[in-house]
Amino acid sequence: QKEVEQNSGPLSVPEGAIASLNCTYSDRGSQSFFWYRQYSGKSPELIMSIYSNGDKEDGRFTAQLNKASQYVSLLIRDSQPSDSATYLCAGTSGTYKYIFGTGTRLKVLA
Amino acid sequence: GAGVSQSPSNKVTEKGKDVELRCDPISGHTALYWYRQRLGQGLEFLIYFQGNSAPDKSGLPSDRFSAERTGESVSTLTIQRTQQEDSAVYLCASSQDRSPGELFFGEGSRLTVL
């Protein structure tokens, strides 16, 4: 069973701090990884995608991928209360299948 | 519309009844996915369409579940003889092509089976 695992949280950080969200995956063949943000009662929306080892930055968000360790992370700098949501990590299996983790709930405290 | 549209947004039904959930993907998106999300849980893959064909139905939980897609557009997920454990949000997503890329999700259909 190919899996993507995340700590369910909640992860609480004060406003302005860095939030670090982590994800591990079991399928060594996975090539593409995605972070989705899901507000309560809403559908997931894409935050970041990452395809190669290393860091990828977009505004306050940085995704990190380490294929040797089968580890993906998302850093949110200068966290805001509006960042409070569940963050879903997803990896691909084959050419089209996305495997989602159960999500980490983030709370940014004002 | 500009986004993925799903209907109904909410459906309450009695155990044993059949339900149909509809998804209208973004125009031109060839790939279409159905996921199920139970309360407080992650996304559970149900089925994938490329065009009108479904090369992967492996996530359908039982033979009570079926899905079709016509005209490389609208898809319908049908659940026959609903059970209480079918209660969940059913999310549809579409993607532009075969390669893994961004999934665009609809707002979901919340199904409650009494």
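If you read the sequences in order, they're chains A and B.
For the first sequence, the working numbering begins at 1 and goes up steadily by one.
For the second sequence, the working numbering begins at 1001 and goes up steadily by one.
Even glycine gets a Cβ: it sits at the ideal position worked out from N, Cα and C.
Since this is a predicted model, take the numbers as computed values, not measurements.
Where B:D1063 falls, given that 16 or more other Cβ within 10 Å makes a residue buried
By the 10 Å Cβ count, B:D1063 comes out exposed.
Could you run through the region 1027-1044 of chain B and flag, in chain order, every residue whose CB is less than 7 angstroms away from some CB of chain A?
Residues of the region 1027-1044 of chain B with a C-beta atom less than 7 angstroms from some C-beta of chain A are A1031, Q1041, G1042 and L1043, listed in chain order.
For B:Q1115, three-class secondary structure by DSSP
In the structure as shown, chain B starts at 1001 and stops at 1114, and residue 1115 of chain B therefore has no counterpart that could be examined.
For B:V1012, count neighbouring C-beta atoms within 10 Å of its own C-beta (all shown protein chains included) and say buried if the count is 16 or more, exposed if not.
So B:V1012 ends up on the exposed side.
For a contact defined as C-beta to C-beta under 8 angstroms, what are the partners of A:K97 on chain B?
The contacting residues are F1045, Y1048 and D1056.
Counting only beta-carbon atoms, is A:E57 nearer than 9 angstroms to chain B?
For A:E57, the answer is no, since every Cβ of chain B falls outside 9 angstroms of its Cβ.
Range covered by the beta strand (DSSP E) that runs through B:V1019
Residues V1019 to D1024.
Quick one: give me the first and last residue of the beta strand (DSSP E) that A:P14 is part of.
Looking at the DSSP string, the run of the beta strand (DSSP E) that includes A:P14 is L11 to P14.
6 angstroms Cβ shell around B:P1025 - same chain, five flanking residues per side excluded
The residues are V1004, L1032 and S1094.
Assign B:P1055 to one of three DSSP states: helix, strand, or coil.
The answer is strand: DSSP assigns B:P1055 an E or B state.
Taking the C-alpha atoms as reference points, what is the distance between A:S8 and A:R105?
Rounded to the nearest angstrom, the gap between the Cα atoms of A:S8 and A:R105 is 6 angstroms.
So for B:G1109, helix, strand or coil by DSSP?
At residue 1109 of chain B the sequence reads Ser, which differs from the Gly that was named. Note: B:S1109 maps to strand in three-state DSSP.
Run through DSSP, which three-state label would A:S82 get?
Collapsing the DSSP output to three states places A:S82 in a helix.
Buried or exposed for B:G1051, please, with buried defined as at least 16 other CB atoms from any protein chain shown within 10 angstroms of its CB.
Result: exposed.
In whole angstroms, what is the alpha-carbon distance linking B:R1022 and A:E45?
Cα to Cα, the separation comes out at about 20 angstroms.
Residue-chain proximity (B:L1091, chain A), Cβ-Cβ < 9 angstroms
So yes, B:L1091 belongs to the interface.
Do B:F1105 and A:S43 have their CB atoms nearer than 9 angstroms?
Yes, Cβ-Cβ distance for B:F1105 and A:S43 is below 9 angstroms.
Examine chain A for any beta-carbon lying closer than 9 angstroms to the beta-carbon of B:L1103, and answer yes or no.
Closer than 9 angstroms to some Cβ of chain A, the Cβ of B:L1103 qualifies, so yes.
I'd like to know if A:L46 contacts chain B, where contact means its C-beta is closer than 9 angstroms to some C-beta of that chain.
Interface residue, yes.
Inter-residue spacing [alpha-carbon to alpha-carbon] between A:K107 and B:E1020
Cα to Cα, the separation comes out at about 36 angstroms.
Proximity to B:S1066 [Cα-Cα], best of B:E1085, B:Q1083 and B:L1046:
Nearest option by C-alpha distance: B:L1046.
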